[in-house]
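Okay, so the sequence shown: first residue is 1181 according to the numbering used here, each after it adds one. Glycine included, every Cβ here is placed at the ideal spot set by N, Cα and C. Note that the coordinates shown come from a computational prediction; the quantities given were computed from them, not determined experimentally. Inspection log for the structure reproduced underneath, given as structure tokens.
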Amino acid sequence: MLIPWVYFLKEEEQLLLEGFTKKWTINGPGSVFVKPMISARVRRGVSLSPTEFAKIRNLLTGNIKVEKGPCFFFLEAYEEVLKIYDVIVLRHNEYVRVIDRSTGIIRVVAGPTNVVLSASEEVLQAPTVGVNIDEHTAVLVRNTSDGSLRLVTENKVFFPAANEEIEEVRRKILLEEHESVVIKGKDGRFRIVHGSKNENAFFLQPYEMLLCMRWSSGIHKEKRELKITHIDSRPKFMWYEFGVRTKDNVELILGVTFFWQIDNIGQMISTTDDAPGDICSHARSMIIQSVSKAPLEVFLDSFNDVVRESINDSTDPFYVQRGVRIHSVEVRSVSCKEESTQGILQEIIQETTNRLNRLQKQQSENEVRLNEVKGNFEIERQMGALLEIQRENALKQAKTTGESEAVRVAQFFETLSDSLSEPEKINIFNTLKKVEYIEKLGRSNANMFFTPSDVDLRIEARPKS
């Protein structure tokens, strides 16, 4: 006798029974007696949260259905859970691209919302943040139906349609007054836009692209690693270093500095894609030719002149043809390639430096002496001017004193009687002046010495009475 199996089912449990020809289920809660020869398996029901959904496939028909949470359910006998998915939660600036595998139809769902896929849908593109379009941002969009491109510049958060793809997010090109860009159009022609001509802010249109030039960089200009899209028309410095050989077969490493400028952008892009490289290569060739004609001593005495003459050749059209201009070129450094020769060169440079120092010292001493002589000369000139001024003042003072004395004498003569003659008046005046002088001397500590003529000494012999 075969004893049946007894199963006790809870509320969330289900009993899957399988006989020889079919399957069926019994849902809990309860107790189930299973006959012998029937296989049984307890399985739990499916519980979905509010943010979950499940895809369930019928093994007999192949149909797929979707159960969306929150819910709790039991599977049928011939059903299985393919996968439990999280609901796609989109924020206000996000979108997701979904494709229906049964029809091939693509749809775009923009937030804010929750997205539950249908039975035949899959996520073609994960949730993506939309593009914020503003004054400096635009979006280049391709229509996948006809392949056309359009530029969207309207200020908003952009979500592509089902038949659209974002090719590129473009930034507005902002040019300063000294900047220019070269734009290649859809027909392959170049268009130059200058920042100084009221075209300093714009978006590239569909099928347009900026011309990107690869210029030589580094002090030896060996690698073309400098990418240039914005062309600066201001004068700029450029360093370059290369080897030369003098007439007496001395190898030198010459470092030069170019001060150059782009004059004609159209001429430049039509003749070269590496303006600095062309400038340095041509200049090196010309400088090598000039240095090879001069001995080392001559070159060291006038290396700047040698280099300038080789570059500033008015008959050379090379730079004009490439739309550039070299304002000046200076030798930055001169060194020998071989160490032994470098020592000799250092001695020559040291001797030249000492000679210049001696000349400078002698010049300084000469300037000091010259300034001393100039100072003495200025002092003497000022002393002469002072003596001249003193003499003039003395003359003026004497003249003033004489005039006042003459007025006093004239007044004295006018007070005398008209009966006196002029000699008598003069004699009286002289007598009074002598008395005045004697009186002044008498009041002083001076010793007076009189001659007979001063005192009118007379010796008379008178008879005795």
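For Y1387 and E1260, the gap between their C-alpha atoms comes out near 52 Å. Around H1462, the same chain offers F1498 as residues with beta carbons nearer than 6 Å, after the five sequence neighbours per side are excluded. If you draw a straight line from the Cα of V1471 to the Cα of K1541, it is about 33 Å long. In this structure, Q1441 sits near H1507, with a CB-CB distance shorter than 8 Å.
For secondary structure counted as the alpha helix (DSSP H) over 4 or more consecutive residues, the region 1231 to 1271 holds no complete run.
V1504 is positioned such that its CB atom lies no closer than 8 Å to that of I1467.
Here G1291 is near R1271, since their CB atoms are less than 8 Å apart.
In this structure, the CA atom of S1396 is about 40 Å from the CA atom of T1308. Using a Cβ distance threshold of 8 Å, A1234 and L1240 do not count as a contacting pair.
In summary, R1351 is exposed, with fewer than 16 beta-carbon neighbours lying within 10 Å of its beta-carbon over all protein chains present. Here M1418 is buried, its C-beta having at least 16 other C-beta atoms within 10 Å. Under the DSSP assignment, H1462 falls in the alpha helix (DSSP H) whose first and last residues are A1455 to V1471. Counting only residues of its own chain and dropping the five nearest sequence neighbours on each side, E1334 has a CB closer than 7 Å to the CB of I1313.
When DSSP reads this structure, A1220 sits in a beta bridge with L1197.
In the three-state DSSP reduction, D1412 falls in the strand class (E or B). Within the DSSP secondary-structure output, F1213 pairs in a beta bridge with V1186.
With contacts defined as CB atoms closer than 8 Å, Y1265 and N1238 fail to qualify as a contacting pair. With 16 or more other Cβ atoms inside 10 Å of its own Cβ, A1318 counts as buried. Distance between K1473 and E1489, taken at the CA atoms: about 13 Å.
Judged by DSSP in its simplified three-state form, G1435 adopts strand. Under DSSP, V1309 shares a beta bridge with E1274. CA-to-CA, the gap between E1405 and I1363 works out to about 21 Å.
Take L1391, set aside five residues on each side of it, and the residues of its chain with a beta-carbon closer than 6 Å to its own are V1362 and K1364, in chain order. Contact check for V1288 and A1342: beta-carbon distance about 5 Å, within the 8 Å limit, so the pair qualifies. A distance below 8 Å between beta-carbons, with the five flanking residues on each side excluded, links R1464 to the following residues of its chain, in chain order: Y1420 and F1422.
Under the three-state reduction of DSSP output, K1377 falls in the coil class, being neither helix nor strand. With the rule of 3 Cβ pairs closer than 8 Å, the region 1452 to 1460 does not count as touching the region 1526 to 1536.
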